[in-house]
Amino acid sequence: MVNHFYQDAQLADDRRARLLREADTRRQANKLRVCRPTAHRRLLAGLGGWMIAQGERLKAGYESPARPANRRVETAR
Numbered sequence: 001m002v003n004h005f006y007q008d009a010q011l012a013d014d015r016r017a018r019l020l021r022e023a024d025t026r027r028q029a030n031k032l033r034v035c036r037p038t039a040h041r042r043l044l045a046g047l048g049g050w051m052i053a054q055g056e057r058l059k060a061g062y063e064s065p066a067r068p069a070n071r072r073v074e075t076a077r
């Protein structure tokens, strides 16, 4: 006589183990993807750094001379 409960439990255990292996594989792949950015992301990061540097250079040429900040003085009523 075949024990169907045992077979079902074994199938469930096998499925669970397979799903855990697949999840672990996906986690490892995601970790590698984060550690090794794509060429597109490296290009965007480089362009962003270049744009910031150019903006700072441009801003340095147009800075106004230092002046005291305008402060409102509260008067007692």
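Letter 63 of the sequence shown, counting from 1, is numbered 63 in the numbering used here, and no numbers are missing.
From the three backbone atoms N, C-alpha and C, an ideal C-beta is built for every residue, glycine too.
Using DSSP with H/G/I as helix, E/B as strand and the rest coil, what is residue i?
i      : result
Arg-18 : helix
Thr-25 : helix
Asn-30 : helix
Arg-36 : coil
Tyr-62 : coil
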